[in-house]
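What follows is one structure encoded as structure tokens, with my remarks underneath.
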Amino acid sequence: MNRLRLAVVGCGHLGTIHARLLAGRDDVDLVAVVDPTAEARDRVAAAHGCQPLVEPRELIGLIDAAVVAAPTGLHAAVVLPLLEAGIDMLVEKPLASTLEDARGIAAAARRLGRVVSVGHVERFNPAWQRAAERAGEVTFFEARRLAPFTFRSLDVGVIHDLMIHDIDLVLSLSPGRLERVDARGLVATGGHEDAVRARLVFETGFVADLVASRISPRAERIVSMWSEGGAVSADLTTKAVEVIAP
Numbered sequence: 001m002n003r004l005r006l007a008v009v010g011c012g013h014l015g016t017i018h019a020r021l022l023a024g025r026d027d028v029d030l031v032a033v034v035d036p037t038a039e040a041r042d043r044v045a046a047a048h049g050c051q052p053l054v055e056p057r058e059l060i061g062l063i064d065a066a067v068v069a070a071p072t073g074l075h076a077a078v079v080l081p082l083l084e085a086g087i088d089m090l091v092e093k094p095l096a097s098t099l100e101d102a103r104g105i106a107a108a109a110r111r112l113g114r115v116v117s118v119g120h121v122e123r124f125n126p127a128w129q130r131a132a133e134r135a136g137e138v139t140f141f142e143a144r145r146l147a148p149f150t151f152r153s154l155d156v157g158v159i160h161d162l163m164i165h166d167i168d169l170v171l172s173l174s175p176g177r178l179e180r181v182d183a184r185g186l187v188a189t190g191g192h193e194d195a196v197r198a199r200l201v202f203e204t205g206f207v208a209d210l211v212a213s214r215i216s217p218r219a220e221r222i223v224s225m226w227s228e229g230g231a232v233s234a235d236l237t238t239k240a241v242e243v244i245a246p
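Residue 224 in this note's numbering is what sits at position 224 of the sequence shown, and the numbering runs on without skipping anything.
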């Protein structure tokens, strides 16, 4: 069996998890980890017996694919040169910090025939998959994604940090063209928005109400969907699914 040669760019919280999981796979050879901080890259590299590198460009010629878990604002600068070198990638969500950068990455992947996947892992949550199966043709969607303050991901706001998961779940239901967004948010930590309530209205009549906060006293990840066939609710943390139907 040919083992896929992989690297992880970014040795923070998520990058450390990616490296551990990849190192434990039989079909992967974790070649290197990349981080500008010596302590971080040396720690992860020593734990998994791979090379610690400073710059993503050092990976060219060494790997087949990479996981990009660097800060969101650096995604385009990391991803584009690696794409040009023929390297496929899994990029942690969000794909980029700006629409322009995201479109640039997508266009480059198409032009070069490379794979760029985004880490929207919630689509693969078994509770979500079961709930979406049972929901039928959804007309109203509600999500609450709350978390205590972690001092991480402060380079982006809570929309890119947390709410984007639920935006992706909404889009996976093929709700049609987005017509209107009504939203309110607040900044509590002095940087980007930390709590947001938004309503997304689509041309089909589909409505999604989304709440996200990273300054909550408790963690919560719950989605609910309504259709003519009833109501389905899923706790994405405990994996519990409740169905109310005629």
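No residue lacks a Cβ here, since even glycine has one placed at the ideal position from N, Cα and C. Nothing here was measured: the structure is a model prediction, and the numbers come from that model.
- Check the Cα spacing between Val156 and each of Ala131, Gly49, Trp226, Ser213: the tightest is with Ser213.
- DSSP, reduced to helix, strand and coil, places Glu220 within a strand of the structure shown.
- A direct Cα-to-Cα measurement between Phe151 and Cys11 gives close to 16 angstroms.
- For Gly185, the secondary structure class from DSSP, reduced to helix, strand or coil, is strand.
- Per DSSP, the continuous alpha helix (DSSP H) segment holding Glu133 begins and ends at 126-135.
- Between Pro175 and the set Ile222, Ser227, Met163, the nearest pair of CA atoms involves Ser227.
- DSSP places Asp88 in the uninterrupted beta strand (DSSP E) bounded by 88-91.
- Within 10 angstroms of the beta-carbon of Pro217 lie fewer than 16 other beta-carbons, which makes it exposed.
- For a cut-off of 8 angstroms, the C-beta gap from Val158 to Asp194 is around 5 angstroms, short enough to register as a contact.
- Out of Glu220, Ile167, Ala65, the CA that lies nearest to the CA of Val28 is found in Ala65.
- In its chain, beyond the 5 residues on either side, Pro81, Leu82, Ala85, Ile87 have a beta carbon closer than 8 angstroms to the beta carbon of Ile60.
- The residues Cys11, Thr16, Ala19, Val33, in chain order, have a CB closer than 6 angstroms to that of Val44 in the same chain once the five nearest residues on each side in sequence are set aside.
- The segment 172-191 and the segment 100-110 do not touch, with fewer than 3 CB-CB distances between them shorter than 8 angstroms.
- Residue environment for Asp101: buried (at least 16 other C-beta atoms within 10 angstroms of its C-beta).
- One Cα belongs to Trp128, the other to Ser224, and the distance between them is close to 10 angstroms.
- Residues Arg145, Ala147, Ala212, Arg214 of the same chain have their beta carbon placed closer than 7 angstroms to that of Leu162, with the five preceding and five following residues left out of the count.
- If you compare the alpha carbons of Val232, Glu39, Leu30, His160 with that of Arg134, the shortest gap goes to Val232.
- Residue environment analysis places His75 among the buried positions, since at least 16 neighbouring C-beta atoms fall within 10 angstroms of its C-beta.
- Per DSSP, the beta bridge partners of Asp29 are Arg5.
- In this structure, the beta-carbon distance from Gly185 to Val201 does not fall below 7 angstroms.
- A direct Cα-Cα distance of roughly 14 angstroms separates Val78 from Pro94.
- Listed in chain order, the non-local C-beta contacts of Ala70 below 6 angstroms within the same chain comprise Val9, Gly10, Val78, local neighbours out to five positions each way being set aside.
- Around the Cβ of His165, a 10 Å sphere holds 16 or more other Cβ atoms; the residue is buried.
- Leu30 is a Cβ neighbour of His48, given a cutoff of 7 angstroms.
- Contact between Glu122 and Leu236 holds: CB atoms are separated by about 7 angstroms, below the 8 angstroms threshold.
- The three-state reading of DSSP puts Ala240 in strand, counting E and B together.
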